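A.B. asks: Let me give you the structure first, and then I'll get to my questions.
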């Protein structure tokens with residue numbers, strides 16, 4: 017049945033907490049070269065369904081713990097820029113990590129002189145592919161261990 021319409025809903029976990037979330041922090045990162053956001057981020061989800069990253073048709077959601085607290089960021093590709101919106105106590109810190117996460121802190125593979133035929137083939141077939149990094153080893157290890165179904 018539920019509470020009457022208009023009545024506040026209280027939960028024991030909400031006592032003493034501010035239930036009015038802060039507005040998201042946002043950042044736009046200019047793109048000087050193509051970026052294939054889903055392909056770049058799916059490598060971090062290599063071991064199947066992760067709880068800390070979801071890649072969909074419009075972009076990706078990424079959650080992490082920072083020194084300032086937990087945060088979630090929504091990444092969307094906007095043509096000539098990458099848009100990032102972040103929520104949570106660690107939102108500012110997580111926004112600072114976005115360039116490394118999507119590989120914007122390094123030159124794209126297409127800009128490098130590649131001597132290996134496999135790398136040359138990857139850059140030819142996927143010009144927007146980048147190699148990103150999160151700097152967080154523990155979630156990757158847990159995903160790999162669970163994927164083995166030991």
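Numbering (my numbering), first residue to last: 17 to 166. Here a beta-carbon is modelled for each residue, glycine too, at the ideal position from N, C-alpha and C. Note that the structure is a prediction, hence the values are computed from the model and not measured.
1. Since residue 104 contacts residue 85 with CB under 8 Å, what's their CB separation in whole angstroms?
2. Please specify which runs of the alpha helix (DSSP H), each continuous and at least 4 residues long, are wholly inside the segment 40-76, giving them in chain order.
3. Taking the alpha-carbon positions, what's the residue 68 to residue 98 distance?
4. Specify the secondary structure class of residue 151 as computed by DSSP and reduced to three states.
5. Residues in its own chain within less than 7 Å of residue 111 by CB, not counting five upstream and five downstream?
6. Assuming residue 90 is part of the beta strand (DSSP E), what are its boundary residues?
7. What distance in whole Å lies between the Cβ atoms of residue 51 and residue 144, which are believed to be in contact at a cut-off of 8 Å?
8. Could you tell me which residues DSSP puts in a beta bridge with residue 81?
9. Below 8 Å between beta carbons: does that hold for residue 121 and residue 46?
10. Would you report the Cα separation of residue 18 and residue 38, rounded to the nearest angstrom?
11. Run through DSSP, which three-state label would residue 98 get?
12. Should residue 161 be labelled buried (16 or more other beta-carbon atoms within 10 Å of its own) or exposed?
13. Roughly how many angstroms lie between the CA atoms of residue 48 and residue 114, to the nearest whole one?
C.D. replies: A quick look at the data gives this:
1. In the chain shown, the residue the question calls residue 104 occupies position 88. In the chain shown, the residue the question calls residue 85 occupies position 69. With a Cβ gap of about 6 Å, residue 104 and residue 85 count as contacting.
2. 53-58
3. Taking the first residue of the chain shown as 1, we reach residue 68 at position 52. Taking the first residue of the chain shown as 1, we reach residue 98 at position 82. Looking at the two C-alpha atoms, the distance is approximately 20 Å.
4. For the purposes of this step, residue 151 is taken as residue 135 along the chain shown, with counting starting at 1. It is coil, neither helix nor strand.
5. Your numbering for residue 111 matches position 95 in the chain shown. Excluding sequence neighbours, residue 111 sits near 41, 43, 89, 100 and 102.
6. In the chain shown, residue 90 corresponds to position 74, counting from 1. Residue 90 -> beta strand (DSSP E) spans 85-93.
7. For the purposes of this step, residue 144 is taken as residue 128 along the chain shown, with counting starting at 1. For the purposes of this step, residue 51 is taken as residue 35 along the chain shown, with counting starting at 1. With a Cβ gap of about 5 Å, residue 144 and residue 51 count as contacting.
8. Working through the chain shown from its first residue, we reach residue 81 at position 65. BP columns for residue 81 point to 86.
9. Translated into positions along the chain shown, residue 121 becomes position 105. Translated into positions along the chain shown, residue 46 becomes position 30. It is not a contact, given that the beta carbons lie outside the stated cut-off.
10. In the chain shown, the residue the question calls residue 18 occupies position 2. In the chain shown, the residue the question calls residue 38 occupies position 22. Here residue 18 scores only 44 on pLDDT, less than 50, and its place in the model should not be relied on; the value that follows carries that caveat. Straight-line Cα distance between these residues: approximately 28 Å.
11. Translated into the one-based positions of the chain shown, residue 98 becomes position 82. Strand.
12. Sequence index remark: in the chain shown, residue 161 carries index 145 (1-based). The residue is exposed, with fewer than 16 neighbouring Cβ atoms inside 10 Å.
13. Start at 1 with the first residue of the chain shown, and residue 48 comes out as number 32. Start at 1 with the first residue of the chain shown, and residue 114 comes out as number 98. About 16 Å.
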